[in-house]
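*Asks:* FYI, in my numbering the residues of the sequence shown are 33 to 538. In this text, a Cβ means the ideal position worked out from N, Cα and C, and glycines have one as well. Every value quoted in this text rests on a predicted model; they were computed, and no experiment measured them.
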Amino acid sequence: STSTMTAVVNADIAGPQISRHLYGHFAEHLGRCIYDGFYVGEDSPIPNVGGIRTDVVEALRQIAIPNLRWPGGCFADEYHWRDGIGPKESRPSMVNTHWGNVVENNHFGTHEFMALCELLDTEPYIVGNVGSGTVQEMADWVEYLTRSGEAPMSRLRRQNGRDEPWKVRFWGIGNETWGCGGNMRAEYYADLARQYATYCRSHDGNELYRIAVGARNDDFDWTQKLMQSISCLGCEQRRRSPYQALAFHYYTSPSEWRKKWSATEFSEEEYYLTMASAWRMDEIIAGHSRVMDCYDPQRQIGLVCDEWGTWWRTEEGTNPRFLYQQNTLRDALVASLHFDIFHQHADRMVMANIAQTVNVLQAMLLTDGPELVLTPTYHVFEMNKGHQDAVHLPLHLKQAAARKEVGDGEISTLSASASVKDGAMLLSATNLDTTDDARLQIEIRGADWQLGTARILTAPKVQSHNTTGEPAAVSPQPFSDVRRDGVNLVVDLPAHSFVTVEVQLG
Ligand code: AHR
Numbered sequence: 033s034t035s036t037m038t039a040v041v042n043a044d045i046a047g048p049q050i051s052r053h054l055y056g057h058f059a060e061h062l063g064r065c066i067y068d069g070f071y072v073g074e075d076s077p078i079p080n081v082g083g084i085r086t087d088v089v090e091a092l093r094q095i096a097i098p099n100l101r102w103p104g105g106c107f108a109d110e111y112h113w114r115d116g117i118g119p120k121e122s123r124p125s126m127v128n129t130h131w132g133n134v135v136e137n138n139h140f141g142t143h144e145f146m147a148l149c150e151l152l153d154t155e156p157y158i159v160g161n162v163g164s165g166t167v168q169e170m171a172d173w174v175e176y177l178t179r180s181g182e183a184p185m186s187r188l189r190r191q192n193g194r195d196e197p198w199k200v201r202f203w204g205i206g207n208e209t210w211g212c213g214g215n216m217r218a219e220y221y222a223d224l225a226r227q228y229a230t231y232c233r234s235h236d237g238n239e240l241y242r243i244a245v246g247a248r249n250d251d252f253d254w255t256q257k258l259m260q261s262i263s264c265l266g267c268e269q270r271r272r273s274p275y276q277a278l279a280f281h282y283y284t285s286p287s288e289w290r291k292k293w294s295a296t297e298f299s300e301e302e303y304y305l306t307m308a309s310a311w312r313m314d315e316i317i318a319g320h321s322r323v324m325d326c327y328d329p330q331r332q333i334g335l336v337c338d339e340w341g342t343w344w345r346t347e348e349g350t351n352p353r354f355l356y357q358q359n360t361l362r363d364a365l366v367a368s369l370h371f372d373i374f375h376q377h378a379d380r381m382v383m384a385n386i387a388q389t390v391n392v393l394q395a396m397l398l399t400d401g402p403e404l405v406l407t408p409t410y411h412v413f414e415m416n417k418g419h420q421d422a423v424h425l426p427l428h429l430k431q432a433a434a435r436k437e438v439g440d441g442e443i444s445t446l447s448a449s450a451s452v453k454d455g456a457m458l459l460s461a462t463n464l465d466t467t468d469d470a471r472l473q474i475e476i477r478g479a480d481w482q483l484g485t486a487r488i489l490t491a492p493k494v495q496s497h498n499t500t501g502e503p504a505a506v507s508p509q510p511f512s513d514v515r516r517d518g519v520n521l522v523v524d525l526p527a528h529s530f531v532t533v534e535v536q537l538g
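#1: May I ask you to report which of helix, strand or coil DSSP gives K120?
#2: Using C-beta distances below 7 angstroms, list every residue in its chain close to A183, excluding the 5 sequence neighbours before and after it, in chain order.
#3: What residue does the alpha helix (DSSP H) around Y231 start on, and which one ends it?
#4: DSSP beta-bridge partners for A39?
#5: Rank R233, K453 and A448 by C-alpha distance to the C-alpha of G418 and give the top, closest one.
#6: Could you tell me the alpha carbon to alpha carbon distance between S19 and T499, rounded to whole angstroms?
#7: Excluding the five sequence neighbours on either side, which residues of its own chain have a C-beta within less than 8 angstroms of the C-beta of A91, listed in chain order?
#8: Please check the pair H375 and S449, which I expect to be a contact at CB under 8 angstroms, by giving their CB distance rounded to whole angstroms.
#9: Rounding to the nearest angstrom, what Cα-Cα distance links I97 and Q420 in this structure?
#10: Figure out for me which residue from D250, G334, E348 and S261 has the closest Cα to the Cα of W293.
#11: Indicate, with yes or no, if the ligand AHR has a heavy atom lying under 6 angstroms from the CB of C106.
#12: Would you mind listing the alpha helix (DSSP H) stretches within the region 156-180 that are 4+ residues and don't spill past its ends, in chain order?
#13: What residue range does the alpha helix (DSSP H) around G441 cover?
#14: Could I get the ranges of all uninterrupted beta strand (DSSP E) runs contained in the region 363-436, with 3 residues as the minimum, in chain order?
#15: Would you list the one or two residues that DSSP bridges to E534?
#16: State the beta-bridge partners of G321 as determined by DSSP.
#17: Please confirm if the region 304-323 is in contact with the region 235-245, defined as three or more CB-CB distances below 8 angstroms between the two stretches.
#18: Under the three-state reduction of DSSP, which class applies to A279: helix, strand or coil?
#19: If distances are taken between C-alpha atoms only, which option among D372, H57, V423 and D338 comes closest to C149?
#20: Please state the DSSP three-state secondary structure of T284.
#21: Cutting at 8 angstroms between CB atoms, please list the residues of its own chain near A43, excluding the five before and the five after it.
#22: Taking the alpha carbon of W569 as the point to measure from, which residue in D363, P408 and D172 has its own alpha carbon closest?
#23: Let me confirm a value: A422 is counted as buried when at least 16 other C-beta atoms fall within 10 Å, else exposed. Which label applies?
#24: Would DSSP call W102 helix, strand or coil?
#25: May I ask you to list the residues that DSSP assigns as paired with G214?
#26: Does Q49 come out as helix, strand or coil in the three-state DSSP assignment?
#27: Please name the residue, chosen from L464, F280 and G104, that lies closest to V438 on a Cα-to-Cα basis.
#28: Counting pairs of Cβ atoms below 8 angstroms between the region 149-160 and the region 103-118, do you hit three or more?
#29: Measure from the alpha carbon of G213 to the alpha carbon of each residue in M185, A244, L365 and T445, then state which is nearest.
#30: Whose C-beta lies closer than 8 angstroms to the C-beta of A378 among residues of the same chain, with five residues either side of it excluded?
#31: Should E136 be listed as close to the ligand AHR, given that the test is whether its C-beta is under 6 angstroms from any heavy atom?
#32: With respect to the beta strand (DSSP E) encompassing I488, which residues constitute its N-terminal and C-terminal limits?
#33: If you run the structure through DSSP and keep just helix, strand and coil, what is E136?
#34: Tell me whether E208 counts as near the ligand AHR, meaning its Cβ is closer than 6 angstroms to at least one heavy atom of that ligand.
#35: What I want to know is whether the C-beta of A367 ends up closer than 6 angstroms to one or more non-hydrogen atoms of the ligand AHR.
#36: Thinking just about the alpha-carbon of each residue, which of G484, D469, P503 and T284 is nearest to the one in T36?
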């Protein structure tokens, strides 16, 4: 049977802009994300530029990643940036206590990360250490990166071979301070965030965008306490907030017990529970936004989700603390659903970062020695690239798609979103149903239009995935089940598929 969703899109009524930073990324010193993933060292036989893998850079440039968050995650709150500068042979090592107790040699540090961002043509998003660092240490790092002239930290940077300061806009004030970043209470961190943010200065025209640690999942109380601590309700003049955004984390998993669930071997029930978990992102964003609206009705404080994605049992034979997992069509559909949700909340959501880019959790890329595999999730980022910085065009539902009972609730198995940029509309649509087709019928009002190209990402099974032996098992293909019917654009989506359609306007 075919479920149908009908909607109206007003091509001439602009919604908010979809920040390109909603397509952000995350690279932590965790497992094989940095070492082996991004960085193999200059002496590696794997082609590299200054130790950074050429194939990884080329693949990521294709999906235009807008920002890269580093060095963690939990690692950020035990990282001391001074250990990662200067000649590699004299950099002290440390123990990465969160991620396998392995020894970190600090060969990939500040200069290597900034070189990576330059190669990727992406903005750095650096997370400072609140959990085990000091205000002074964080302030110095900002100065080291962004100050010109004769200041002590700019001199040190110059001694290490970099004359010009870098541009660094995004700055994180710790990570998960309610957990691995210090196990703090909201009240305590609320004050610390103000204090740390105060000393993270905007040097020489480098305007910092400071991002404080937000809630774990739906901990709206955390959001409320932080918002309260920076707001001044009833005051005649609003104070300028010491930080500009709050970043919550939410991972997709059929239940809290993440160690249980296999990335590739799962039942239909697990599949739908996963989708119900992914849909929760919508309620969670709505909940945080409602709290923020009470204190900041003008929406000056941004909402960020700087860790999202699926979290599965690690692949057999790999270090369980390295969080290496395969990535199937199911992961891709989780990603496309997230993007629809982020687009819907573009008026408050300013950034999101999938965890993580290479070899960890819901990765875009998996490496195996010199081999590189593009995951199904990678293809969603590529197919959705056109939404970056486009104007959101809300879908006004005339008829909602059928809902499916899952666990104690029900979910929609059809999701879609649209945006316009440079005279072209991009429509993304996801059919989550494992057996049934779905029809999306959209009346496009307010502009003449012509059907452009359409592509589909699907595979025989939701468990299908890419490997070095079969690298294109799940990869985008041209799609033809899309047509114009009078004022309507009609898309017939096969079971478990993601489709993008370009429409020329005007
Ligand atoms: O992304 C893996 C870990 O998940 C991060 O280090 C931490 O912030 C979160 O708990």
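*Replies:* Let me lay it out:
#1: In the structure shown, K120 sits in a helix (DSSP, three-state: H, G or I).
#2: Correct list, in chain order: E175.
#3: Segment A218 to Y231, the alpha helix (DSSP H) holding Y231.
#4: L429 and I474, per the DSSP bridge assignment.
#5: The residue from R233, K453 and A448 with its alpha-carbon nearest to that of G418 is K453.
#6: Here the chain covers residues 33 to 538 and nothing more, so residue 19 does not appear.
#7: Cβ neighbours of A91 beyond the five flanking positions: M396, L397, L404, L406 and Y410.
#8: In this structure H375 touches S449 by the C-beta definition: roughly 4 angstroms separates them, less than 8 angstroms.
#9: Going from the Cα of I97 to the Cα of Q420 covers about 10 angstroms.
#10: Of the candidates D250, G334, E348 and S261, E348 places its Cα closest to the Cα of W293.
#11: The answer is yes for C106.
#12: With a minimum length of 4 residues, the continuous alpha helix (DSSP H) runs that stay inside the region 156-180 are 167-178.
#13: Per DSSP, G441 is not a residue of any alpha helix (DSSP H); the beta strand (DSSP E) it occupies stretches across G441 to S444.
#14: Counting whole runs of 3 or more residues, the region 363-436 contains the beta strand (DSSP E) stretches 381-386, 397-400, 403-406, 423-425 and 428-431.
#15: The secondary-structure analysis by DSSP pairs E534 across a beta bridge with L458.
#16: In the sequence on display, residue 321 carries Ser and not Gly. Answer by DSSP bridge pairing: none, since S321 is not bridged.
#17: Cβ pair count under 8 angstroms is below three, so no.
#18: Of the three classes helix, strand and coil, the one that applies to A279 here is strand, per DSSP.
#19: With distances taken between Cα atoms, C149 lies closest to H57.
#20: Here T284 sits in strand by DSSP.
#21: Correct list, in chain order: L425, V452, M457, I476, R477, G478, A479, W481 and L537.
#22: Because residue 569 is not part of the residues shown, which for the chain are 33 to 538, the question remains open.
#23: It is buried - the Cβ of A422 has at least 16 other Cβ atoms within 10 Å.
#24: Here W102 sits in strand by DSSP.
#25: Residue pairing of G214 in beta bridges, as defined by DSSP: absent, with no partner found.
#26: DSSP places Q49 in strand when its eight states are reduced to three.
#27: Among L464, F280 and G104, the Cα nearest to that of V438 belongs to L464.
#28: Contact annotation: the region 149-160 touches the region 103-118, with at least three C-beta pairs closer than 8 angstroms.
#29: When only C-alpha atoms are compared, the closest one is A244.
#30: Cβ contact annotation for A378 (same chain, cutoff 8 angstroms, sequence separation greater than five): G47, P48, Q49, I50, S51, L54 and H424, in chain order.
#31: Every heavy atom of the ligand AHR is 6 angstroms or more from the Cβ of E136, so no.
#32: Per DSSP, I488 belongs to the beta strand (DSSP E) from W481 to L489.
#33: Correct three-state label for E136: strand.
#34: Yes, the Cβ of E208 comes within 6 angstroms of a heavy atom of the ligand AHR.
#35: No.
#36: Checking every option, the nearest Cα to that of T36 belongs to D469.
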